[in-house]
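Okay, structure first, notes after.
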Amino acid sequence: MLSRGKRWWRAAVDKWGYDERNQLVADIFDDHGQEFIKFRNGKEILVDTAYKWGWNRVADYASPFSESNSSLGSINARES
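If you count the sequence shown from 1, you need to add 27 to reach the working numbering.
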């Protein structure tokens with residue numbers, strides 16, 4: 028059975044395509060039992076938060092040109 032992170036990784040291809048997913052997402056990793064998405068812009072987010080936010084908001088957050096407040100960094104994503 029695939030983890031939620033692996034399922035999200037595969038679903039990202041359906042939503043964004045391989046190229047965009049690979050340009051935005053650096054890694055899916057586990058830290059103390061929680062799965063995170065590491066984006067190429069340096070930000071991180073919980074996989075569970077990504078599901079809650081939806082694809083458009085996650086893409087905006089992951090974009091290197093994101094309008095998101097850069098001071099939020101991982102926006103307490105580890106707490107979201």
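No residue lacks a Cβ here, since even glycine has one placed at the ideal position from N, Cα and C.
For the pair Asn49 and His59, the Cα-to-Cα distance works out to about 25 Å.
For the 7 Å CB-CB criterion, Trp80 and Lys42 do not form a contact. In this chain, Leu73 is not harboured by any alpha helix (DSSP H); it is covered by the beta strand (DSSP E) spanning 71-73. Annotation for Tyr78: Arg31, Trp35 place their beta carbon closer than 8 Å to its own, counting only its chain and skipping 5 residues before and after.
Taking the CA atoms as reference points, Ala39 sits about 13 Å from Arg84. Taking each of Pro91, Glu47, Phe56 in turn and checking the Cα distance to Asp75, the smallest one comes out for Phe56.
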